[in-house]
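Worksheet for the structure shown next.
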Amino acid sequence: MSKAFLLTILGISITSVSSFSLQLPGCTRFAVRNVANSFVQSPRTAAHTSPLQLRMQLDDSNRKGPMWNAIDKVVKENKIVLFMKGNKDFPQCGFSNTVVQILNACNARYEAVNVLENELLRQGIKEYSNWPTIPQLYVDGEFLGGCDIAIDMYQSGELAEMIEKVMAE
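Numbering of the sequence shown is given in the numbering used here, commencing with residue 4 and proceeding in unit increments.
And the structure:
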């Protein structure tokens with residue numbers, strides 16, 4: 004089996020040269036040499052990158068694919084959206100719970116999206132916002148931030164004002 008064929012099976016498309024090693028869970032480390040190399044990635048990084056991550060790095064169209072569009076639709080169609088771990092009634096992390104409590108204290112009517120239900124959503128929201136952590140709070144289509152930012156905005160009164168204004172529209 005050719006190395007290029009093996010990479011194609013893994014869903015990795017490449018178009019020019021170099022060598023790197025790849026370690027897949029449950030597999031022996033193997034080296035790929037003299038294969039097309041259209042991405043900039045060191046052998047050390049490639050050895051610790053999953054095939055899904057490589058595909059996402061190689062195919063920039065993933066950023067504007069179906070998951071991106073679904074997230075964008077939810078953000079644009081709802082005044083307040085919280086991407087969180089768990090749901091409003093049963094947050095499954097302390098940071099998500101804190102933001103739920105803040106939104107409840109502001110009497111916000113909001114849409115909660117449980118990122119634990121779909122791994123592609125969980126990774127997709129991080130790329131959509133270019134923010135590495137969950138929860139993520141959006142108000143009127145604008146990404147505000149995560150838990151720390153929500154706390155700061157709540158304590159300053161800025162978040163309550165923003166929510167009141169958005170809900171009045």
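No residue lacks a Cβ here, since even glycine has one placed at the ideal position from N, Cα and C.
{"Check": "Quick one: any contact between the segment 82-97 and the segment 129-138, if contact means 3 or more CB pairs under 8 Å?", "Outcome": "yes"}
{"Check": "Would you mind working out which of Met-165, Val-77, Ala-163, Leu-147 sits nearest Asn-133, comparing C-alpha positions?", "Outcome": "Leu-147"}
{"Check": "Evaluate Ala-111 with the Cβ neighbour count: other Cβ atoms within 10 Å of its Cβ, from every protein chain shown; 16 or more gives buried, anything less gives exposed.", "Outcome": "buried"}
{"Check": "Hey, how far is the Cα of Tyr-131 from the Cα of Asp-92?", "Outcome": "25 Å"}
{"Check": "Which one or two residues does DSSP pair with Gln-139 in a beta bridge?", "Outcome": "Phe-86"}
{"Check": "Please classify Phe-173: does DSSP put it in a helix, a strand, or coil?", "Outcome": "Because the chain here runs from 4 to 172, residue 173 falls outside it and cannot be looked at."}
{"Check": "Please name the residue or residues paired with Glu-68 in a DSSP beta bridge.", "Outcome": "Note that residue 68 is Gly in the sequence shown here, rather than Glu. DSSP lists no partner for Gly-68."}
{"Check": "Which residues does DSSP list as the beta-bridge partners of Phe-175?", "Outcome": "The first residue shown for the chain is 4 and the last is 172, placing residue 175 beyond what the model contains."}
{"Check": "Please state if the CB of Val-102 and the CB of Ala-153 are separated by a distance shorter than 8 Å.", "Outcome": "yes"}
{"Check": "In angstroms with no decimal places, state the Cα-to-Cα distance between Gly-127 and Ile-74.", "Outcome": "8 Å"}
{"Check": "Taking Pro-69 as the reference, give the member of Leu-124, Val-169, Asn-107 with the closest Cα.", "Outcome": "Leu-124"}
{"Check": "Below 8 Å on the Cβ atoms is my guess for Asn-90 versus Asn-117; work out the distance and round it to an integer in Å.", "Outcome": "5 Å"}
{"Check": "Near Ile-105, what residues of its chain come up, given a Cβ to Cβ distance below 6 Å and the 5 sequence neighbours on each side ignored?", "Outcome": "Ala-153, Tyr-157"}
{"Check": "Is Asn-110 helix, strand or coil when you go by DSSP?", "Outcome": "coil"}
{"Check": "Could you check the C-alpha separation between Gly-160 and Glu-167 for me, to the nearest Å?", "Outcome": "11 Å"}
{"Check": "Since Val-116 sits in a beta bridge, which residues does DSSP pair it with?", "Outcome": "Phe-86"}
{"Check": "How is Gly-127 classed by DSSP in three states: helix, strand or coil?", "Outcome": "helix"}
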